[in-house]
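Q: Counting from 1, position 31 in the sequence shown corresponds to residue 188 in the numbering used here; the numbering is continuous, with no gaps.
Even glycine gets a Cβ: it sits at the ideal position worked out from N, Cα and C.
One structure follows; several queries about it will come next.
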Amino acid sequence: MTGGKLIIAVVDGMGGSIGAQIVSLIRSSLPEETEVIALGTNAIATGNMMKAKASRGATGENAIEFSIREAEVIMGSLSILVPNSMMGEVTPRIATAIASAPGRKILLPVSNPPLEILGTSKRPLQQLIKEGIAMLQEERGMGKPKGE
């Protein structure tokens, strides 16, 4: 990663609640100049991430394919890499675009399809999101997350 402004893409679908939580914790933990791009598989998901204070947002397959390339970091649930997950909202093209994007992927072991991830322990979603943000802070020399 570069030393400049960090660009994080947060990808979500369905109601966008996981993405909104990620955006909210980014906003409370990382520097104000961090750019957060909300990429939703539907307008409701994008809207909820925008309400959580994403810098900008876009919706749908083409917008995700186009915008995902500019992110240094991509955050979301594991489902964003699984074609046809989220009741079909994550198209094969979306999953491929995210998997092929050059940005580092920080994914939460939460999935909608019948998919089990071995080697992970069940922890609260907020804790998982905080761990992902702490990884970024450590990597970029920002110290520990606020409130810890």
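Put residue 296 into one of helix, strand or coil per three-state DSSP.
A: Three-state result, residue 296: helix.
Q: Can you tell me where the beta strand (DSSP E) with residue 265 in it begins and where it stops?
A: It spans 261-265 - the beta strand (DSSP E) in which residue 265 sits, taken as one unbroken run.
Q: Could you give the distance in angstroms between the alpha-carbon of residue 215 and the alpha-carbon of residue 187?
A: So the two alpha carbons sit approximately 22 Å from each other.
Q: Pull up the distance between the alpha-carbon of residue 242 and that of residue 268, whole angstroms please.
A: Cα to Cα, the separation comes out at about 8 Å.
Q: Which class does residue 272 belong to by DSSP, given the choice of helix, strand or coil?
A: Correct three-state label for residue 272: coil.
Q: Under three-state DSSP, which class holds residue 172?
A: Three-state result, residue 172: coil.
Q: Start and end of the beta strand (DSSP E) containing residue 232?
A: Run containing residue 232: 230-234, per the beta strand (DSSP E) assignment.
Q: Would the region 201-217 and the region 225-236 be scored as touching if the rule is three or more Cβ pairs under 8 Å?
A: They do not touch, by the three-pair rule.
Q: Using 8 Å for Cβ pairs, my map puts residue 168 next to residue 211. What's the rounded Cβ distance?
A: Their Cβ separation, rounded to whole angstroms, is 11 Å, which puts residue 168 and residue 211 out of contact at 8 Å.
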